[in-house]
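S.K.: Here's a structure for you.
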């Protein structure tokens, strides 16, 4: 008769529990994989599949779920997984911020609909660039790079180890400033075109005071903004891809 000791059972449970919690925490906030349209049961099943796949590469001397070290290890897995997903999600936030700024300059700040990614009202142009970012993310296998970053995190921060270096706040502060810069670069062509259009409309109103600026200005800025956005989108794609890739690199380098 085959018998198993309690320590063996707890060891096997830890081999599955720690990667499962870390993977589920990452999926809860990660872009694409953590989309609200994906059922929660499917996310749990995906986290379980990742845990089984990652179990063989985990170190043997991990905290047992039955010891006092289990609670700090559990908090560690949640923190590391959340930071992995958040690093990639922030890149999407920067791109959507650029879209919101473009929509504001075009006069489309009132045109909103429910964003399925965040379940909140979102400006039209911001949601459009968010979809573009999502498709770009999938085109260079960003979802697979997230899984690779998750696997690499167990080598750099195994369960029970200190996360002080991993959770360096300065890295995320620098990453946030870099995202703000990228967002401004993405929105710059349309914002510059809108500035020129508004200046032209102001000169036109001064030259012809009888002109109804409200009936002419809004359609003009809308058409000019859409034309510039469509014309500049091919040139903006490298910036969007660079933002998404840098978000993944932040997660891997942690």
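Numbering (the numbering used here), first residue to last: 42 to 295.
By construction, the Cβ of each residue, glycine as well, lies at the ideal position given by its N, Cα and C atoms.
Please read these numbers as outputs of a predicted model, since none were measured by experiment.
(1) What residue does the alpha helix (DSSP H) around residue 191 start on, and which one ends it?
(2) Starting from the N-terminal side, write out each stretch of the alpha helix (DSSP H) that is 4 residues or longer and does not extend beyond the stretch 73 to 107.
(3) What do you reckon, are the CB atoms on residue 193 and residue 167 nearer than 7 Å?
(4) Anyone know if the C-beta pair for residue 92 and residue 133 falls short of 7 Å?
(5) Taking the C-alpha atoms as reference points, what is the distance between residue 90 and residue 74?
(6) Mapping DSSP to helix, strand and coil, what is residue 164?
(7) Should the stretch 170 to 181 be called in touch with the stretch 69 to 89, which here means at least 3 C-beta pairs below 8 Å?
(8) Residue 245 and residue 236 look like a contact to me (Cβ under 8 Å); what is the Cβ gap, rounded to whole Å?
(9) Could you check whether residue 96 and residue 104 sit closer than 7 Å to each other, using their CB atoms as the reference points?
(10) Express the C-alpha separation of residue 287 and residue 139 in angstroms, rounding to a whole number.
(11) In chain order, what residues of the same chain have a beta carbon less than 7 Å from the beta carbon of residue 88, not counting five sequence neighbours either side?
(12) In the structure shown, what three-state DSSP assignment does residue 239 receive?
(13) In the DSSP assignment, find the unbroken alpha helix (DSSP H) run with residue 128 in it and report its ends.
(14) Measuring only the C-alpha atoms, how far is residue 222 from residue 189?
(15) Around the C-beta of residue 200, are 16 or more other C-beta atoms found within 10 angstroms, so that it is buried, or is it exposed?
(16) Report the option in 131, 135 and 169 whose CA atom is closest to the CA atom of residue 149.
(17) Only counting the same chain, and skipping five residues up and downstream in sequence, which positions put a Cβ closer than 6 Å to that of residue 146?
(18) How about residue 144 and residue 164: do their beta carbons lie closer than 7 Å?
(19) Taking the alpha carbon of residue 284 as the point to measure from, which residue in 109, 243, 219 and 118 has its own alpha carbon closest?
(20) Taking the CB atoms as reference points, tell me whether residue 99 and residue 228 lie closer together than 7 Å.
(21) Return the CA-CA distance between residue 256 and residue 278, expressed in angstroms with no decimal places.
(22) Quick check on the burial criterion: 16 or more other C-beta atoms within 10 angstroms. Buried or exposed for residue 124?
M.R.: For this structure:
(1) From DSSP, the alpha helix (DSSP H) with residue 191 extends over 183 to 197.
(2) Listed in chain order, the complete alpha helix (DSSP H) runs (minimum 4 residues) inside the stretch 73 to 107 are 81 to 95.
(3) Cβ atoms of residue 193 and residue 167: not closer than 7 Å.
(4) Against a cut-off of 7 Å, the Cβ pair of residue 133 and residue 92 comes out as no contact.
(5) Spanning the alpha carbons of residue 90 and residue 74 requires a straight line of approximately 14 Å.
(6) In the structure shown, residue 164 sits in a strand (DSSP, three-state: E or B).
(7) Enough Cβ pairs lie closer than 8 Å, so yes.
(8) That pair is no contact at about 15 Å.
(9) No, the Cβ-Cβ distance between residue 104 and residue 96 is not below 7 Å.
(10) Taking the straight line joining both Cα atoms gives about 17 Å.
(11) Around residue 88: 61, 64, 65 and 68.
(12) Helix.
(13) In the DSSP annotation of this structure, the continuous segment of the alpha helix (DSSP H) that includes residue 128 starts and ends at 111 to 147.
(14) Between residue 222 and residue 189, the C-alpha separation is close to 27 Å.
(15) Residue 200 sits buried, since 16 or more C-beta atoms from the chains shown fall within 10 Å of its C-beta.
(16) When each option's Cα is compared against that of residue 149, the closest is 169.
(17) Around residue 146: 232 and 235.
(18) If you check the CB distance, residue 144 and residue 164 come in under 7 Å.
(19) Relative to the Cα of residue 284, the nearest Cα in the group 109, 243, 219 and 118 belongs to 219.
(20) No, the Cβ-Cβ distance between residue 99 and residue 228 is not below 7 Å.
(21) Counting only the Cα atoms, residue 278 lies some 34 Å from residue 256.
(22) With 16 or more other Cβ atoms within 10 Å, it is buried.
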